[in-house]
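S.K.: Numbering (the numbering used here), first residue to last: 3 to 356.
Where is the CB? At the ideal position from N, CA and C, for every residue including glycine.
Note that the structure is a prediction, hence the values are computed from the model and not measured.
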Ligand code: SF4
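Here it is as structure tokens:
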């Protein structure tokens, strides 16, 4: 199936009764109005449909809030507003994000008639002490129950998890990711934690009791999470915040591993690991280091499908530079080859020393 056109409709956080340590919803809600008007929704849909092109599927996503935390009349109002578009098959599916503890039989019965296809849960972590430290107000058990219930209602499940939460550790994060993956969600989003002005986390950051992850560390951890999801056949549909998902005012982000192409950095790091693995096999590592083993070889040509070239190259050729440092005595270059499979890295040639 081709990638659907996703029409985003922003639902402010106003309905949320919680105060997570990393959220600054009080600021957001003081600046934004509550729900979009019917006219605004029609306008957004019309604007996005103009860019549909030849895509066969269109989905509407309510972003930004705890959808099932809204009062029932608002949930019904929003879904009723979209219903004609679903009935005339202009829109083929609705998705939204919500907290795990808002998933109940009553809410799922409420939304059942409206063509909701996917529900994304703000899981964040499966480590209860980490959830508690972040004032999430729900437990890992809520997530287990929620995913079980969504599957019972035959809804697709998305999970959103965070890296860099207060008091989290690498081991806890890996274990948490494995637990989430084992619950069998369909898709996952991985977000590095940012320190937002006005949040409790910002106070901890200013006092020095919370230090955000560095960019490199975040990329490494998200890469490991990606691998876990990948092995469990969970599609990772986003890593890092999009620029449009940041606050309207960039000054709201005080600190954190922000990068406009965070996902690309992770995919490049994965490509780097792939090359290292291939090199190990290519040169038949036994004892000793690589330079000893590649006696007679000075240049390695890496083959890749044209669409994966930039990923293999890395940001500003960082992967090639890193390979040169990791394997002194060798230089590397890339040759594209459209006969290779997407994502495949091939060591095409190892040229001998002069
Ligand atoms: S549940 Fe979501 S909207 Fe509510 S406080 Fe936490 S992060 Fe903010």
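#1: With the cut-off set at 8 Å, would you say residue 46 and residue 11 are in Cβ contact?
#2: If we ignore side chains and look at the alpha-carbon of each, how far apart do residue 198 and residue 181 end up?
#3: Which first and last residues belong to the alpha helix (DSSP H) in which residue 181 is found?
#4: Looking at the structure shown, is residue 45 part of a helix, part of a strand, or coil, going by DSSP?
#5: Can you grab the Cα-Cα spacing for the pair residue 137 / residue 72, in whole Å?
#6: State the Cα-Cα distance for the pair residue 21 and residue 264, rounded to the nearest angstrom.
#7: Let me know if residue 48 comes out buried or exposed under the rule of 16 or more other beta-carbons within 10 Å of its beta-carbon.
#8: When the Cα of residue 301 is compared with those of 332, 123, 127 and 278, which residue comes out closest?
#9: In the DSSP assignment, find the alpha helix (DSSP H) that holds residue 300 and state where it starts and stops.
#10: Going by DSSP, what residue range makes up the alpha helix (DSSP H) through residue 221?
#11: Cα separation between residue 144 and residue 103?
#12: Of all residues in the structure, which have a C-beta closer than 7 Å to any heavy atom of the ligand SF4, taken in chain order?
#13: For residue 335 versus residue 303, is the C-beta spacing smaller than 8 Å?
#14: Please classify residue 131: does DSSP put it in a helix, a strand, or coil?
#15: What do you get for residue 109, buried or exposed, if any count of 16 or more other CB atoms within 10 angstroms of its CB means buried?
#16: For the beta strand (DSSP E) containing residue 240, name the first residue and the last one.
#17: Less than 8 Å between the C-beta atoms of residue 219 and residue 193, yes or no?
#18: On the DSSP bridge list, what partners appear for residue 10?
#19: Go through its chain and collect everything with a Cβ distance to residue 85's Cβ below 7 Å, but skip five positions before and after it.
#20: Among 240, 95, 216 and 318, which one has its Cα closest to the Cα of residue 257?
#21: Is the number of C-beta pairs between the stretch 233-241 and the stretch 182-189 that are closer than 8 Å three or more?
#22: Determine the extent of the alpha helix (DSSP H) in which residue 86 is found, giving its start and end residues.
#23: Would residue 195 and residue 167 be called neighbours here (beta carbons separated by less than 8 Å)?
#24: With distances taken Cα to Cα, identify the nearest neighbour of residue 231 among 274, 267 and 177.
#25: Are the beta-carbon atoms of residue 172 and residue 223 separated by less than 8 Å?
#26: List the residues that DSSP assigns as beta-bridge partners of residue 348.
#27: When you compare only the Cα positions, how much space is there between residue 262 and residue 282?
#28: What separation, rounded to the nearest whole angstrom, lies between the Cα atoms of residue 88 and residue 227?
#29: Is residue 194 helix, strand or coil by DSSP?
#30: Rounded to whole angstroms, what's the CA-CA distance from residue 329 to residue 320? Just pull it up for me.
#31: Could you tell me the boundaries of the alpha helix (DSSP H) in which residue 320 lies?
#32: For a quick check, are the C-beta atoms of residue 67 and residue 18 less than 8 Å apart?
#33: Would you check if the distance between the CB atom of residue 95 and the CB atom of residue 120 is smaller than 8 Å?
M.R.: Looking at the atomic coordinates:
#1: Yes, they are a contact pair.
#2: Those two C-alpha atoms are separated by around 28 Å.
#3: 172-184 is the span of the alpha helix (DSSP H), which, as asked, contains residue 181.
#4: The answer is helix: DSSP assigns residue 45 an H, G or I state.
#5: Between the alpha carbons of residue 137 and residue 72 lies a gap of roughly 20 Å.
#6: Using only the alpha carbons, I get a separation of about 27 Å.
#7: The residue is exposed, with fewer than 16 neighbouring Cβ atoms inside 10 Å.
#8: Checking every option, the nearest Cα to that of residue 301 belongs to 332.
#9: Taken as a continuous stretch (DSSP letters only), residue 300 belongs to no alpha helix (DSSP H), being part of the beta strand (DSSP E) at 299-306.
#10: Residue 221 -> alpha helix (DSSP H) spans 217-233.
#11: Residue 144 and residue 103 have their alpha carbons spaced roughly 6 Å apart.
#12: For the ligand SF4, the selected residues are 15, 18, 20, 21, 22, 24, 25, 27, 67, 68, 101, 124 and 138.
#13: It is a contact, given that the beta carbons lie within the stated cut-off.
#14: In the structure shown, residue 131 sits in a helix (DSSP, three-state: H, G or I).
#15: Residue burial annotation: residue 109 is buried, with at least 16 other C-beta atoms found within 10 angstroms of its C-beta.
#16: Its beta strand (DSSP E) spans residues 237-241.
#17: No, the Cβ-Cβ distance between residue 219 and residue 193 is not below 8 Å.
#18: DSSP output for residue 10 lists 63 as bridge partner(s).
#19: If we look at residue 85 and ignore the five residues flanking it on each side, its Cβ neighbours are 116.
#20: It is 216.
#21: Under the Cβ criterion (8 Å, minimum of three pairs), the stretch 233-241 counts as touching the stretch 182-189.
#22: Counting along the chain, the alpha helix (DSSP H) containing residue 86 begins and ends at 74-89.
#23: Result yes, Cβ atoms of residue 195 and residue 167 sit closer than 8 Å.
#24: In this structure, 177 is the residue among 274, 267 and 177 with its C-alpha nearest to the C-alpha of residue 231.
#25: At a Cβ-Cβ threshold of 8 Å, residue 172 and residue 223 count as neighbours.
#26: According to DSSP, residue 348 bridges with 305.
#27: Taking the straight line joining both Cα atoms gives about 32 Å.
#28: When only Cα atoms are considered, residue 88 and residue 227 end up about 35 Å apart.
#29: In the structure shown, residue 194 falls within a strand segment according to DSSP collapsed to helix, strand and coil.
#30: Rounded to whole angstroms, the gap between the alpha carbons of residue 329 and residue 320 is 14 Å.
#31: Bounds of the alpha helix (DSSP H) holding residue 320 are 320-328.
#32: Yes. Within cutoff.
#33: Taking 8 Å as the Cβ cut-off, residue 95 and residue 120 qualify as a contacting pair.
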